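Here the structure comes first, spelled out in structure tokens, and everything after it is commentary.
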Amino acid sequence: MSFPLSLTINGVARNITLDDPRVTLLDLLRERLELTGTKKGCDRGQCGACTVLLDGRRINACLALAASCDGATVLTIEGVTDGDALHPVQAAFIAHDGLQCGFCTPGQIMSALGLIDEGQAGDDPERVREGMSGNLCRCGAYAGITEAVLDAQRRLAGQDGRDAS
Amino acid sequence: MSSLSYAAPATVDEAIGLLAGASGLAKVLSGGTDLLVQLRSGRTRPALIVDTKKIPGIIGIREVDGGFVIGAATSGAMIGEHAALAAVYPGVVEATNLIGSTQVQGRASLAGNLCNASPAADSVPAMIAAGATAVIAGPKGRRTVPVEQVVTGPGRTSLARDEFIVEFHLPKRAPRSADAYLRFIPRTEMDIAVVGAGVNVTLDAAGVCTAARVSLGAVAPTALLVADCAAALVGSKLDEHALAKLDLAARDACKPIDDKRGTIDFRIKVAGVLARRAAAIAFERAAARS
Ligand SMILES: Cc1cc2nc3c(=O)[nH]c(=O)nc-3n(C[C@H](O)[C@H](O)[C@H](O)COP(=O)(O)OP(=O)(O)OC[C@H]3O[C@@H](n4cnc5c(N)ncnc54)[C@H](O)[C@@H]3O)c2cc1C
Ligand code: FES
Ligand code: FES
Chain A
1 MSFPLSLTIN GVARNITLDD PRVTLLDLLR ERLELTGTKK GCDRGQCGAC
51 TVLLDGRRIN ACLALAASCD GATVLTIEGV TDGDALHPVQ AAFIAHDGLQ
101 CGFCTPGQIM SALGLIDEGQ AGDDPERVRE GMSGNLCRCG AYAGITEAVL
151 DAQRRLAGQD GRDAS
Chain B
166 MSSLSYAAPA TVDEAIGLLA GASGLAKVLS GGTDLLVQLR SGRTRPALIV
216 DTKKIPGIIG IREVDGGFVI GAATSGAMIG EHAALAAVYP GVVEATNLIG
266 STQVQGRASL AGNLCNASPA ADSVPAMIAA GATAVIAGPK GRRTVPVEQV
316 VTGPGRTSLA RDEFIVEFHL PKRAPRSADA YLRFIPRTEM DIAVVGAGVN
366 VTLDAAGVCT AARVSLGAVA PTALLVADCA AALVGSKLDE HALAKLDLAA
416 RDACKPIDDK RGTIDFRIKV AGVLARRAAA IAFERAAARS
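For the record, the sequence lines run as chains A and B. Counting along the first sequence from 1, when you hit position 35 you're at 35 in our numbering, and nothing is skipped either side. With the second sequence counted from 1, adding 165 to any position gets you our numbering.
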């Protein structure tokens, strides 16, 4: 049995045929489309390394069947930069040492993008920590991650002419 | 690996037909945050997965006759963002918001939380306290069932193999009504409830409780609707005497297990404490909604 699906990934329309419905969105990205920026830490929803935006919302790609994403729009870490220019969230992670080994970083950045979009954390470090609690960092770069998210949020709010609160 | 089929029907009837006609175990898929973990561990080995998310209306929240209709596969994230629902049923919304991380909530649904049938599912005591009903579709049509009658034991539900939940109904509220949900976990995020308590009350103009529903999670094989807890609240303004009766009734209802998260004695004690605290929050919210 084969399962056809259409997805828009990082702005590119893709038509894919799966031979097994068990394939997750994460395995599709990594194994079939060579988009290996999205990481596999636990493969069970606990670490957040596989975070992508599906139709604008944060999800764990390891917990989504690729077949069930038919028709959806996916943004992965590969689609975040504007040409060669880093996204402000990426730049903030570097500026604030929001990483050490870097394994969790693509998931952290996708999660931060989702969090900033949701507009629920405001300028409150405690709420940023709560909003990022689905992303584990074995290197313990949490302090830098929180600062990076707060800083990026302020910059992005400034760009939009919006109030950061 | 055995073969697995997948279907994403566009109508309720088509979904029922697929479930009824499946040759082996058929599993309904909403968000997949429980089902995918179980597929991978081999705990469940279905022959067919029926994804409901393409069925119109299965995702979304509607206000109907002063109450709310929540599609079975609506994500926790959508529930959390619905301001009108949060104003009227704050307990249901805060319980749903506790499920996993924001990423998990991007997919996790009320139907999945209920039908996974974990005794510790967070939205379930809140839904039971709120008086929510589940609309179940099957070959003979639709039936409406109180949420407390859906789960029959850990991992088991009262649904037939060709039935599934299409939506939940939250009734219209009387004035001065509100709900609250609290859970106890060893850390602040990403853990499973040791105890959960949902309380829903209606007060009269003088602040006296005229109706109450209290539900406890993770202290028995299924979430409990505890009539004696409700009786402790009705007729009171939540004074010391009512709180003591509530605490006792909550402890009496518990039949918990011993595990690494909490001993039997600890869970029983926490059930009483959480019921009191949730009741205090529900009373305060109800008084503010006149
Ligand atoms: C990292 C992580 C953390 C979590 N934390 C929590 C937590 O704090 N609290 C908590 O309560 N849960 C938690 N969960 C469990 C899970 O996310 C919830 O139970 C969620 O609500 C399940 O919903 P779903 O839509 O993903 O269900 P699915 O995985 O799609 O389905 C779960 C079960 O319900 C059945 N089902 C689904 N839809 C229907 C339907 N319409 N009719 C009949 N049966 C149906 C499925 O066949 C399956 O057996 C966590 C999970 C993960 C991975
Ligand atoms: S790999 Fe998906 S959450 Fe860990
Ligand atoms: S930087 Fe190493 S895991 Fe986070």
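From the three backbone atoms N, C-alpha and C, an ideal C-beta is built for every residue, glycine too. Since the structure is predicted, the reported quantities are computational estimates derived from the model, not experimental observations.
Residue i in three-state terms, based on DSSP
i         : result
Ala339(B) : coil
Lys410(B) : helix
Tyr142(A) : helix
Cys280(B) : helix
Ser323(B) : coil
Glu332(B) : strand
Phe349(B) : strand
Leu53(A)  : strand
Arg441(B) : helix
Lys192(B) : strand
Ile433(B) : helix
Leu86(A)  : coil
Cys374(B) : strand
Thr70(A)  : According to the sequence shown, residue 70(A) is Asp rather than Thr. Reduced to three states, the DSSP call for Asp70(A) is coil.
Gly37(A)  : coil
Ala273(B) : coil
Leu26(A)  : helix
Whole-Å CB distance - residue i paired with residue j, under 8 Å assumed
i         : j         : result
Ala440(B) : Leu381(B) : 7 Å
Cys374(B) : Leu398(B) : 5 Å
Gly182(B) : Ala64(A)  : Going by Cβ atoms, the distance from Gly182(B) to Ala64(A) rounds to 25 Å, so no, they are not a contact pair.
Asn365(B) : Ala295(B) : 5 Å
Leu169(B) : Pro221(B) : The pair is not a contact, with the Cβ atoms about 26 Å apart (cut-off 8 Å).
Arg341(B) : Ser455(B) : 5 Å
Ala67(A)  : Leu18(A)  : 6 Å
Val215(B) : Leu184(B) : 6 Å
Distance cut-off 7 Å: residue i Cβ against heavy atoms of ligand 4
i         : result
Ala443(B) : As for ligand 4, it is missing from this structure, which binds only ligand 1, ligand 2 and ligand 3.
Residue-level contact to chain A via CB, residue i, 8 Å cutoff
i         : result
Gly271(B) : yes
Gly189(B) : no
Thr267(B) : yes
Lys218(B) : yes
Ser170(B) : yes
Ile214(B) : yes
Val234(B) : no
Ala173(B) : yes
Thr322(B) : no
Val438(B) : no
Cut-off 6 Å between Cβ atoms - residues of its own chain near residue i, not counting five sequence neighbours on either side
i         : result
Arg30(A)  : Thr36
Lys402(B) : Gly372, Val373
Ala443(B) : Ala345, Leu347, Ala362, Val364
Gln153(A) : Ile116
Ala228(B) : Per the sequence presented here, residue 228(B) reads as Glu, with Ala not at that position. Counting only Cβ-Cβ distances below 6 Å, and skipping sequence neighbours, we find nothing.
Met243(B) : none
Ala85(A)  : none
Asp393(B) : Ala414
Arg162(A) : For Arg162(A), the pLDDT reaches just 48, beneath the cut-off of 50, and the residue's location in the model is therefore unreliable, although a value from the coordinates is still provided. Excluding sequence neighbours, Arg162(A) sits near nothing in its chain.
Neighbour flag for residue i against chain B, beta carbons, 8 Å
i         : result
Thr73(A)  : no
Ala64(A)  : yes
Ala121(A) : no
Asn60(A)  : yes
Ala152(A) : no
Ser133(A) : yes
Phe3(A)   : yes
Leu33(A)  : no
Gly158(A) : no
Ser68(A)  : yes
Asp27(A)  : no
Arg155(A) : no
Ser111(A) : yes
Thr38(A)  : no
Thr17(A)  : no
Thr76(A)  : no
Gly48(A)  : yes
Gly11(A)  : no
Proximal residues to residue i (C-beta, below 8 Å), its chain only, five neighbours per side dropped
i         : result
Arg138(A) : Cys101, Phe103, Cys104
Arg57(A)  : Gly114
Lys39(A)  : Ala49, Cys50, Phe103, Cys104, Pro106, Gly107
Gln120(A) : Arg127, Gly131
Cut-off 7 Å between Cβ atoms - residues of its own chain near residue i, not counting five sequence neighbours on either side
i         : result
Ala407(B) : Ala397, Leu398, Ser401
Ile224(B) : Lys218, Gly236, Ala238, Thr239
His96(A)  : Gly144, Glu147, Ala148, Asp151
Leu166(A) : Look at the range of chain A in this structure, 1 to 165, and you will see that residue 166(A) is not part of it.
Residue-level contact to chain D via CB, residue i, 8 Å cutoff
i        : result
Arg44(A) : Within the model displayed, chain D is absent; protein chains A and B are what it includes.
Shell residues, 6 Å Cβ cut-off relative to heavy atoms of ligand 2: Lys40(A), Gly41(A), Cys42(A), Asp43(A), Gly45(A), Gln46(A), Cys47(A), Gly48(A), Ala49(A), Cys50(A), Asn60(A), Cys62(A)
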